[in-house]
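Novice: The following block contains the structure, expressed as C-alpha cells.
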Amino acid sequence: MAKPSPTFTCTACGAVHRKWAGRCDACGAWNSIAEEAPLSSGPKALGAKGRTIALSDLATEEAPPPRTSSGMDELDRVLGGGLVPASAILVGGDPGIGKSTLLLQAAASFANRGVKCLYISGEEASAQVRMRAQRLGLGQAPVALGAETNLRDILTTLDAERPGLAIIDSIQTMWLDTVDSAPGSVAQVRASAHELVTFAKRRGVAVILVGHVTKEGQIAGPRVVEHMVDTVLYFEGERGHQFRILRAVKNRFGPADEIGVFEMTGAGLSQVANPSALFLSDRDTPAPGSAVFAGVEGTRPVLTEIQALVAPSPLGTPRRTVVGLDSGRLSTILAVLEARCAIPFAGLDVFLNVAGGMRVNEPAADLAVAAALVSAREDVAIPPDMVLFGEISLSGALRPVTQTESRLKEASKLGFSQAVAPSRSKTGQAEGMRVRQMPDLAAFVGEMFGAG
Ligand code: TYD
Ligand code: MG
C-alpha cells in the first residue's frame with residue numbers, strides 16, 4: 001500500500017488540497033493553507049464487517065431536552081432557554097472582547113445553582129483566573145479551576161470528575177499528543193474539538209469551547225469546529241464601546257439569530273434587559289442624518305439609531321465609511337437613491353454609523369438607512385418620534401418585513417408615536433402609533449423631504 005502523503009488544509013474554509021498554494025481555490029483566502037499530517041489509513045479497509053444500526057421512525061415521541069437555567073437571562077435566551085446537558089457549544093469572539101469574563105461569570109452562576117462546573121484555562125494560570133474571579137465578586141462560587149493544555153490529561157480529569165459543565169478556554173491552546181502538529185494548527189484544533197465533542201456526547205457532560213476569531217471574522221483554525229458543535233455563539237462588540245452582544249449563529253436546540261446584550265463594566269459583564277432604551281438613551285437632540293430603525297434580533301425587537309453624515313469630498317473617489325452595517329448594502333441603497341429617486345451622492349463623502357456599537361444585519365434596516373442618508377444630504381431632520389423599517393428592492397419598491405407588530409409595539413413602548421413601513425405590512429393593533437405605509441422609496445422621499 002502506498003504511504004499516505006500529507007494533505008494541505010485551508011484554515012479559512014477547511015478545503016483539502018493536494019499541495020501547498022498561496023491562495024485557496026475554494027474560498028479565495030490568501031496564505032491560509034497549512035500542512036496536515038496524513039490520517040493513518042486504519043488497520044482494516046472498510047468492508048463487510050459492520051454492525052447493523054438500530055433505526056427508528058419519525059413519529060416516536062421525543063421529550064424536549066431538559067434545560068438548566070444559568071440564572072443569566074441574556075445567556076439563557078441565546079442558548080434557546082438554558083443549557084442542554086451533553087451539548088457542545090462554541091463561543092467565538094475577538095481577543096479581549098470578554099469571552100473569558102463572560103464564561104467565568106456563567107460558570108459561577110451555574111455552580112451557584114448546583115451544576116458541577118469545571119473551568120479549564122489554557123491561557124491563564126489558575127492564580128490569574130482566581131484573581132479575576134475575586135475582582136468580579138465570584139470568589140465564593142464553587143467552580144473547580146484547572147490550568148492545562150494537554151487534552152489527554154483534561155479528558156482523564158473530566159472523566160473522573162464528571163461535571164455537568166466543562167469550559168475549555170480556549171480550543172486553540174489545546175493539544176493532543178496523538179496529533180503531530182503544533183497547538184493552534186488546523187489539525188490540533190480539529191482533533192481537540194472532536195475529542196471534546198465526542199466526550200460530551202458519550203459522558204453526558206456539556207462543554208463550552210472558547211475560540212478566538214481571526215480578523216476576517218472566522219474562528220481561527222478550520223470552520224469545521226463550527227460544524228462539529230451543537231451551538232455556535234459569537235461574542236461581539238466595538239472596542240471603545242461598553243456594549244457586548246452574544247449572538248447565536250447556529251443552534252441545534254433553539255432559534256438562531258437570538259441575541260443577549262451585556263455591558264462591560266469595571267465589575268465584569270452586566271446584563272442589559274432593555275437594549276432599545278440603552279441604545280437610544282444618549283440620542284442627541286433631533287439632528288439631520290439621524291433615523292431610528294425598529295429592528296428585530298431573533299425574537300426580540302431592538303431599536304437602534306442609524307446616523308449618517310454627508311459632506312463634500314475633496315477626493316476623486318469619495319469616501320464611504322460604514323460602522324455596524326454591511327458596506328455593500330450602503331452602496332446598493334446609494335445606487336437606488338440615485339437611480340430611482342434622482343438623489344445623487346457623487347462627489348460627496350458618506351459616513352454611516354449604528355449608534356452604540358450595535359451591528360445590524362437585517363435588510364429591514366434599508367429604509368432607515370436611506371432616510372438617514374437623505375436627511376443628512378438635504379439637511380432636514382426626521383421627526384424624533386418616528387421609527388422606520390422596510391427592505392428596499394433594486395426597483396426602489398419597499399418590501400414588507402417580518403414581525404411588524406412587535407417592532408411597532410416596542411416603538412410605542414419607548415414613546416415613539418409614528419412609523420413608516422412598507423405597504424402591505426401587517427401592522428395589526430398598533431396602539432398609539434400612526435403608521436404610514438409607503439409603496440416605494442421615491443414616494444417616501446418625496447413626502448418626507450420634498451426631494452427626488
Ligand atoms: P477577557 O474576558 O480576558 O477577553 P477574552 O477572553 O475574550 O480575550 O476580557 C478582557 C477585557 O475585558 C480586558 O480588556 C479588560 C476588560 N474587563 C473589564 O473591563 N472589566 C472587568 O471586570 C474584566 C474582568 C475585564
Ligand atoms: Mg480569554
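Position 7 of the sequence shown, counted from 1, bears residue number 7 in full-length UniProt numbering, the numbering being contiguous throughout. Glycine residues also receive a C-beta, built at the ideal position from the N, C-alpha and C atoms. Just so it is clear, the structure is predicted and the values come from calculations on it, not from any experiment.
If you measure from the CB of Asp169, is any heavy atom of ligand 2 nearer than 7 Å?
Specialist: yes
Novice: Which residues have their C-beta within less than 5 Å of a heavy atom of ligand 1, listed in chain order?
Specialist: Pro95, Gly96, Ile97, Gly98, Lys99, Ser100, Thr101, Met264 and Gly268
Novice: Jot down the residue ranges of each uninterrupted alpha helix (DSSP H) in the segment 235 to 292, minimum 4 residues, whole runs only, in chain order.
Specialist: 275 to 281
Novice: For the candidate residues Arg252, Ser270, Arg247 and Gly450, whose alpha-carbon lies nearest to that of Val360?
Specialist: Arg247
Novice: Find the nearest neighbour of Ser70 within the set Ala107, Thr332 and Lys49, judged by alpha-carbon distance.
Specialist: Ala107
Novice: In the DSSP assignment, find the beta strand (DSSP E) that holds Ser170 and state where it starts and stops.
Specialist: Run containing Ser170: none; DSSP gives neither H nor E here.
Novice: By the three-class DSSP mapping on this structure, what secondary structure does Pro177 have?
Specialist: According to the sequence provided, residue 177 is Asp. The question's Pro does not apply to it. Secondary structure of Asp177 (DSSP, three-state): coil.
Novice: How far does the beta strand (DSSP E) with Asp349 in it reach, from first residue to last?
Specialist: Unbroken beta strand (DSSP E) run through Asp349: Leu348 to Val354.
Novice: Can you tell me where the alpha helix (DSSP H) with Ser406 in it begins and where it stops?
Specialist: Thr404 to Lys413
Novice: Indicate whether the contact test is met: 3 or more Cβ pairs, each with one atom in the segment 406 to 413 and one in the segment 281 to 301, closer than 8 Å.
Specialist: Between the segment 406 to 413 and the segment 281 to 301 there are three or more C-beta pairs closer than 8 Å, enough to call the two in contact.
Novice: Taking the C-alpha atoms as reference points, what is the distance between residue 477 and Pro314?
Specialist: Nothing in the structure corresponds to residue 477, since the chain is present only between 1 and 452.
Novice: Along the beta strand (DSSP E) that carries Ser121, what are the first and last residues, could you check?
Specialist: Cys117 to Ser121
Novice: What residue from Gly450, Glu124, Ala372 and His212 has the CA that sits closest to Val189's CA?
Specialist: His212
Novice: How far does the alpha helix (DSSP H) with Ile154 in it reach, from first residue to last?
Specialist: Leu151 to Glu161 is the span of the alpha helix (DSSP H), which, as asked, contains Ile154.
Novice: Going by C-alpha distance, which of Ile167, Leu441, Val445 and Ala12 is nearest Arg223?
Specialist: Cα-wise, what sits closest to Arg223 is Ala12.
Novice: Hey, quick one: how far does the alpha helix (DSSP H) through Thr198 stretch, first residue to last?
Specialist: Val186 to Arg203
Novice: Taking 7 Å as the cut-off, is the beta-carbon of Glu148 closer than that to any non-hydrogen atom of ligand 2?
Specialist: no
Novice: Would the beta-carbon of Glu258 be found less than 7 Å away from any heavy atom of ligand 3?
Specialist: You won't find ligand 3 in this model; what it holds is ligand 1 and ligand 2.
Novice: Could you give the distance in angstroms between the alpha-carbon of Phe243 and the alpha-carbon of Ala54?
Specialist: As the crow flies, the alpha-carbon of Phe243 is around 48 Å from that of Ala54.
Novice: Does ligand 2 have a heavy atom nearer than 7 Å to the CB of Glu61?
Specialist: no
Novice: Between the segment 280 to 296 and the segment 375 to 389, do three or more beta carbon pairs fall short of 8 Å?
Specialist: yes
Novice: Following the continuous alpha helix (DSSP H) through Gly446, name the residue where it begins and the one where it ends.
Specialist: Start and end: Leu441 to Phe449.
Novice: With DSSP run on the structure shown, which of helix, strand or coil describes Cys27?
Specialist: coil
Novice: Going by the CB atoms, is the gap between Glu297 and Ile97 shorter than 8 Å?
Specialist: Cβ distance not < 8 Å, so Ile97 and Glu297 don't count as in contact.
Novice: What does DSSP give as the partner residue(s) for Gly93 in the beta ladder?
Specialist: Beta-bridge pairing links Gly93 to His212 and Phe235.
Novice: Hey, could you find the ends of the alpha helix (DSSP H) Arg130 is sitting in?
Specialist: Ser126 to Arg135
Novice: Please determine whether the Cβ atom of Glu123 lies at a distance below 7 Å from any heavy atom of ligand 2.
Specialist: yes
Novice: Can you tell me whether DSSP reads Arg319 as helix, strand or coil?
Specialist: Annotated three-state conformation of Arg319 is coil, per DSSP.
Novice: Would you kindly work out how many angstroms separate the C-alpha atoms of Lys99 and Ser32, rounded to a whole number?
Specialist: 25 Å
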